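Chemist: With my numbering applied, the sequence shown closes on residue 188, and no number is skipped along the way.
We put the CB at the ideal spot given by N, CA and C, even for glycine.
Quantities reported herein were computed from a predicted structural model and do not represent experimental measurements.
Following this message is one structure expressed as structure tokens.
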Amino acid sequence: MKNTALIKGTAAIAVGAALLLGGGGTLASWNAADNAAPGTVVAGDLNVVKSGTGAWKDRAGATIDIATYKVVPGDKLTYTQVLDVTLTGNKMAADITATGTGAANGFTPANVIVSGTVLTVDGEAVSNPLTTSKTVTATITFEFKAATTGRADVNATYNFGNVAFTLQQITQPGLA
Numbered sequence: 013m014k015n016t017a018l019i020k021g022t023a024a025i026a027v028g029a030a031l032l033l034g035g036g037g038t039l040a041s042w043n044a045a046d047n048a049a050p051g052t053v054v055a056g057d058l059n060v061v062k063s064g065t066g067a068w069k070d071r072a073g074a075t076i077d078i079a080t081y082k083v084v085p086g087d088k089l090t091y092t093q094v095l096d097v098t099l100t101g102n103k104m105a106a107d108i109t110a111t112g113t114g115a116a117n118g119f120t121p122a123n124v125i126v127s128g129t130v131l132t133v134d135g136e137a138v139s140n141p142l143t144t145s146k147t148v149t150a151t152i153t154f155e156f157k158a159a160t161t162g163r164a165d166v167n168a169t170y171n172f173g174n175v176a177f178t179l180q181q182i183t184q185p186g187l188a
């Protein structure tokens with residue numbers, strides 16, 4: 013008798029499952045889909061390119077050849093470079109800074125005061141951050157301390173070849 017009840021129970025479960033899967037019921041949820049067609053996005057651009065050759069001048073304003081110039085205490089050398097800056101994009105902003113002006117290249121607070129970066133557009137001062145594409149003139153100054161005593165810094169090497177202007181994007185409100 014127990015076998016008959018077990019067989020009848022199993023048969024009832026099988027018939028119920030067959031009805032559910034065969035259309036008497038459903039195991040699926042309702043769903044639908046459609047394309048939103050939001051469009052495409054194009055990335056902006058950030059770039060800096062030097063325009064022409066930069067110019068080195070001494071304290072008196074005379075043009076110098078940095079490759080052969082020998083500095084002495086009290087010298088003040090100024091480097092000026094025209095830069096074409098490209099800034100494209102919503103909320104785009106960037107700073108121009110000088111790099112390569114640290115102790116690794118010989119410029120220490122004990123011997124050289126590095127000032128800048130000063131930016132101008134058509135002779136008018138502009139400040140960081142820049143937010144649009146433009147041509148800027150960047151200037152940096154190296155003043156060799158006059159108070160150097162004795163033979164301090166005699167035959168010292170200052171690597172101006174690593175001095176560069178760098179354009180670095182900054183985070184505007186709404187981006188972070």
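If I follow the unbroken beta strand (DSSP E) through Asp-107, where does it start and stop?
Modeler: Segment 106-111, the beta strand (DSSP E) holding Asp-107.
Chemist: Helix, strand or coil for Thr-65, going by three-state DSSP, please let me know.
Modeler: In this structure, Thr-65 counts as strand in the three-state DSSP scheme.
Chemist: Over the uninterrupted beta strand (DSSP E) stretch that includes Leu-131, give me the two end residues.
Modeler: 124-133 is the span of the beta strand (DSSP E), which, as asked, contains Leu-131.
Chemist: Out of Pro-185, Val-54, Phe-154, which one is the CA nearest neighbour of Asn-189?
Modeler: As displayed, the chain neither begins before 13 nor continues past 188, which places residue 189 out of reach and without an answer.
Chemist: What residue does the beta strand (DSSP E) around Thr-160 start on, and which one ends it?
Modeler: First-last for Thr-160: undefined, no H or E at that position.
Chemist: Identify the continuous beta strand (DSSP E) that holds Leu-89 and give its terminal residues.
Modeler: Counting along the chain, the beta strand (DSSP E) containing Leu-89 begins and ends at 88-100.
Chemist: Grab me the residues of Val-175's own chain with a C-beta within less than 8 Å of its C-beta, minus the 5 sequence neighbours each way, in chain order.
Modeler: Only Tyr-91, Ala-110, Thr-111, Gly-112, Thr-113, Asn-117, Ile-152 meet the Cβ criterion.
Chemist: How close, in whole Å, do the beta carbons of Asp-96 and Ile-182 come, if the pair is a contact with beta carbons under 8 Å?
Modeler: Not confirmed; about 19 Å, so no contact.
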